[in-house]
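Here the structure is laid out as structure tokens; the discussion comes afterwards.
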Amino acid sequence: MIEEETKKVEEIIEKDDSEKTIDNLPGVGEKIAEKLRNAGYTDLMAIAVTPQSILMEETNLGDTTCRKIIQASRKELKMGFMSGAELQKKRLEVGKITFTSENLNKLLGGGAETQAITEFYGGFGSGKTQIGLQLAVNVQLPKSKGGLNGCAVFIDTENTFRPKRIEMMAEAAGLNPKKVLENIKIARAFSSDHQMLLTEKIPELIKSGFNVKLVVIDSLMGLFRAEYIGRGTLAARQQKLNRYLHQLQRLTDRFNLAVYITNQVMSKPDIFFGDPTQAIGGHILAHASTFRVYLRKSKGERRVAKMVDSPCLPEGEAVFHVTDQGIQDGE
Ligand code: GTP
Ligand code: MG
């Protein structure tokens, strides 16, 4: 099974590599190629799916040049409309990672999906990180047990990753704790730029043979929030966040992997009824997340998850527990 998955990834990479590279793209000379490379654009797919304005901003190339490069990349990759049948075929490849809790699985339509960004937001201690750790273990399970035979990347912005906790969860799942830890690559991000750079490196990691099927970002907004303080910086922050979210969406799409992000809440004192909390990140994040779930702490180990936004699932709630064994339904 693992071999089969790895082969698929290799095929994707081979397809990319066998195509033209940025150096021999029409209209791209040495200088332009260097500018592209310096901005992190090393393959055609990255260029093809980037909006022109962003390519201009990041490479300092003119608008005509950028438009031509993007068009040439798209032509080269034979990108265009996808038929309904092709889209359906792509949807058939969607994989799901179990949350271990059947209640959560049901709420999310079977598990955390590949080709999608799943966002869990909530207050302190609500279980966001615990779910991320659990998914990093569960992605390694065989498909028959709700996994994807894959590996995980964990981008940690808050220094909350605990190997011991992974071992506890792995043991409870009947997996070898040492092997499970080996199959999780942890990267500590120190700034939002660093966080983006680490994410950019994931395709290379996959090319090296690490079969990434899950990327956890805990938390998505923490560093962005700390670096951009005050009203005057909000537009710049959102612009960068937008670019980052596109980067994540491209990853889910290109490698058929799942992205799980955690997010914080801010209180909205002007709301009198219901829960006066809201996810941070604004509309840009709200639109980028395929699934949005709000977590709330209840008594003891008990937690309540509420589906806030999903393309096809009904809104609803699920109860689960954070136990020594990990995420569970509880009694
Ligand atoms: P912030 O990152 O602070 O915003 O919170 P979070 O939503 O990420 O919370 P997290 O997932 O870290 O959940 C922390 C809670 O999980 C703790 O308050 C404990 O209730 C529970 N927890 C963590 N580790 C264990 C464990 O080993 N055993 C048990 N039973 N519970 C644990
Ligand atoms: Mg946390």
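Plus 677 on top of the position in the sequence shown (first one is 1) and you've got the numbering used here.
Ideal placement from N, C-alpha and C gives every residue a C-beta, glycine not left out.
For Asn701, there is no enclosing alpha helix (DSSP H), as DSSP marks it with neither H nor E. For Gly704, same chain residues with a beta-carbon under 6 Å away, outside a window of 5 residues either side, are Lys745 in chain order. Around the CB of Phe797, 16 or more other CB atoms lie within 10 Å, so the residue is classed as buried.
Distances taken from the Cβ of Lys805 to the heavy atoms of the ligand MG include one shorter than 7 Å.
Shortest gap from the CB of Gln1005 to any heavy atom of the ligand GTP: 7 Å or more. Rounded to whole angstroms, Ile863 and Leu874 show a C-alpha spacing of 14 Å.
Taken through DSSP and simplified to helix, strand or coil, Met943 comes out as strand.
For Asp986, the secondary structure class from DSSP, reduced to helix, strand or coil, is strand. For the ligand MG, a non-hydrogen atom lies closer than 7 Å to the CB of Asp895. In this structure, the C-beta of Glu1008 stays at least 7 Å away from each heavy atom of the ligand GTP. When DSSP states are grouped into helix, strand and coil, Ile843 belongs to the helix group. The three-state secondary structure of Lys976, taken from DSSP, is coil. Secondary-structure assignment with DSSP links Lys862 through a beta bridge to Val830.
Inclusion of Glu835 in the 7 Å shell around the ligand MG follows from its C-beta lying nearer than that to a non-hydrogen atom of the ligand. Listed in chain order, the non-local C-beta contacts of Ser987 below 6 Å within the same chain comprise Phe968, local neighbours out to five positions each way being set aside.
One thing to note: Val970 has its Cβ no nearer than 8 Å to the Cβ of Leu934. For Tyr921, the enclosing alpha helix (DSSP H) covers residues 911-932. By the beta-carbon neighbour count (other beta carbons within 10 angstroms, threshold 16), Thr910 is exposed. Nearest to Leu764 by alpha-carbon distance, out of Asn782, Gly788, Ser778, Gln792, is Gln792. About 26 Å separates the beta carbon of Gln817 from that of Gly802, a gap too long to meet the 8 Å contact definition.
The beta carbon of Arg842 sits closer than 7 Å to the beta carbons of Leu810 from its chain, once the five residues preceding and following it are set aside; these are given in chain order. By the C-beta criterion, the stretch 843-858 is judged to be in contact with the stretch 995-1006, since at least 3 inter-stretch pairs fall below 8 Å. If you ignore the 5 residues before and after Thr876, its C-beta comes within less than 8 Å of the C-beta of Ile832, Val892, Ile894, Tyr921, Gln924, Leu925, Leu928, all in its own chain and listed in chain order. Per DSSP, Glu994 is not a residue of any alpha helix (DSSP H); the beta strand (DSSP E) it occupies stretches across 994-1000.
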